[in-house]
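Trainee: Encoded as structure tokens, here's the structure I'll be asking about.
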Amino acid sequence: MLDKMPQAVTIRIANDAARRDRSVERDVVYPYELPLRLWHWVNAAAILVLGITGYFIGTGTEVTPGEASDNFLFGYVRFAHFSAGYVLAIGFLLRIYLALVGNSHARQIFYVPIWRRCFWSELWRAVRWYALLAAEPEKHLGHNPLAQLAMFFMFTLTTVFMIVTGFALYAQGSGNDSWQYKLCGWVFAIWPNSQDVHTWHRLGMWVIVCFALVHIYAAIWEDVMSRRSSISSLISGEREFRD
Numbered sequence: 001m002l003d004k005m006p007q008a009v010t011i012r013i014a015n016d017a018a019r020r021d022r023s024v025e026r027d028v029v030y031p032y033e034l035p036l037r038l039w040h041w042v043n044a045a046a047i048l049v050l051g052i053t054g055y056f057i058g059t060g061t062e063v064t065p066g067e068a069s070d071n072f073l074f075g076y077v078r079f080a081h082f083s084a085g086y087v088l089a090i091g092f093l094l095r096i097y098l099a100l101v102g103n104s105h106a107r108q109i110f111y112v113p114i115w116r117r118c119f120w121s122e123l124w125r126a127v128r129w130y131a132l133l134a135a136e137p138e139k140h141l142g143h144n145p146l147a148q149l150a151m152f153f154m155f156t157l158t159t160v161f162m163i164v165t166g167f168a169l170y171a172q173g174s175g176n177d178s179w180q181y182k183l184c185g186w187v188f189a190i191w192p193n194s195q196d197v198h199t200w201h202r203l204g205m206w207v208i209v210c211f212a213l214v215h216i217y218a219a220i221w222e223d224v225m226s227r228r229s230s231i232s233s234l235i236s237g238e239r240e241f242r243d
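Written as structure tokens, this is what we have:
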């Protein structure tokens, strides 16, 4: 029967079998699929560009001598910000799709299972672990409950807020007939003053910046202290438990 299979299918089956064999030998699981890993790094790059350009948009840049038409620095900053914003928004839509068609780990950042009793006990254990009050952490294939909680409130909800307020501000330049205004113009019913929207948008930026810093610190902590791969998992897709 294997002789009748297409060569590509046979090779894929062999590769999957080899991966399973290596995983058993090394105590490795494969929670993060390739599309999810690609989204993670593209999203991280977009957030980095948005954070840097957004900071300069909010604080302004140095005045350069000469005609404005010869010095388009701020225009390039705004263009980079808007481009990265579109990458973030489109990527977030694709991330929702991955949550629907991917494995259970792809859905973790979109909900917090507060209705499960074990979630609260595992959350408390994670808090004690990060506070250096527990000798060993619980092993989780995906995110631990504390990470899941932080990602939902500090990343997922804040990202939605930033996309909506960002397109609302963008609509002030594209006009009331633009799809940005039709989709997000209702924001000005809540904050009629454009400066208020700018202020909240900027506060949202700092929430994501704080989350990113804690996220990077926690990933390095997990790699070193919990004896399980974390950063490399979002490159290879494999999570290795070293003890």
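Just so we're aligned: 145 in UniProt numbering is position 145 of the sequence shown, and the numbers increase by one with no gaps anywhere.
No residue lacks a Cβ here, since even glycine has one placed at the ideal position from N, Cα and C.
Since the structure is predicted, the reported quantities are computational estimates derived from the model, not experimental observations.
Could you tell me whether the Cβ atoms of Arg-128 and Ala-135 are closer together than 7 Å?
Mentor: The Cβ-Cβ distance between Arg-128 and Ala-135 does not fall below 7 Å.
Trainee: With 16 other CB atoms within 10 Å as the buried threshold, where does Ile-231 fall?
Mentor: exposed
Trainee: According to DSSP, is Phe-72 part of a helix, a strand, or is it coil?
Mentor: coil
Trainee: Start and end of the alpha helix (DSSP H) containing Lys-182?
Mentor: 179 to 184
Trainee: Going straight from the alpha carbon of residue 246 to that of Gly-185, what length do you get?
Mentor: The structure shown does not extend to residue 246, since the chain is modelled only from 1 through 243, so no value can be given for it.
Trainee: Give me, in chain order, the residues of the same chain whose beta-carbon lies closer than 8 Å to that of Arg-22; leave out the 5 immediate sequence neighbours on both sides.
Mentor: Because Arg-22 sits at a pLDDT of 49, beneath the cut-off of 50, its placement in the model cannot be relied upon, and the following sentence gives the value as read from the coordinates. Same-chain partners within the cutoff: Val-28.
Trainee: Out of Glu-238, Arg-228, Arg-202, His-215, point me to the one whose CA is closest to Thr-59's CA.
Mentor: Arg-202
Trainee: Roughly how many angstroms separate the alpha carbons of Ser-229 and Ile-216, rounded to a whole number?
Mentor: 13 Å
Trainee: Could you tell me whether the stretch 139 to 149 touches the stretch 78 to 92, where touching means 3 or more Cβ pairs closer than 8 Å?
Mentor: no
Trainee: If I measure Cβ to Cβ from Arg-107 and keep anything under 7 Å in the same chain, skipping five residues before and after, which residues do I get?
Mentor: Ala-99
Trainee: Would you mind working out which of Phe-153, Gly-54, Met-225, Ala-212 sits nearest Leu-169, comparing C-alpha positions?
Mentor: Gly-54
Trainee: Given 8 Å as the limit, is there contact between the stretch 150 to 168 and the stretch 177 to 195, that is, 3 or more CB pairs closer than that?
Mentor: Inter-segment contact for the stretch 150 to 168 and the stretch 177 to 195 is present: three or more beta-carbon pairs are separated by less than 8 Å.
Trainee: Alpha carbons only, please: which of Met-154, Thr-199, Asn-103 is nearest the one belonging to Leu-141?
Mentor: Asn-103
Trainee: Going straight from the alpha carbon of Ile-220 to that of Leu-213, what length do you get?
Mentor: 11 Å
Trainee: Using 8 Å as the Cβ pair cut-off and three pairs as the minimum, do the stretch 190 to 201 and the stretch 38 to 49 touch?
Mentor: no
Trainee: Apart from the five residues just before and just after Thr-64, which ones in its own chain have a Cβ nearer than 7 Å to its Cβ?
Mentor: Here the set comprises Asn-71, Leu-73.
Trainee: Within 10 angstroms of the Cβ of Arg-116, are there 16 or more other Cβ atoms? Answer buried if so, exposed if not.
Mentor: Exposed.
Trainee: Taking its Cβ as the centre, do 16 or more other Cβ atoms sit within 10 Å of Pro-192, making it buried, or is it exposed?
Mentor: Exposed is the call here.
Trainee: Since Val-209 and Gly-51 are thought to touch, with beta carbons under 8 Å apart, how far apart are those beta carbons, to the nearest angstrom?
Mentor: 6 Å
Trainee: Please classify His-239: does DSSP put it in a helix, a strand, or coil?
Mentor: The question names His, but residue 239 is Arg in the sequence shown. Arg-239: strand per DSSP, three-state reduction.
Trainee: Taking the alpha-carbon of Leu-48 as reference, which of Glu-122, Asn-176, Val-87, Met-225 has the nearest alpha-carbon?
Mentor: Val-87
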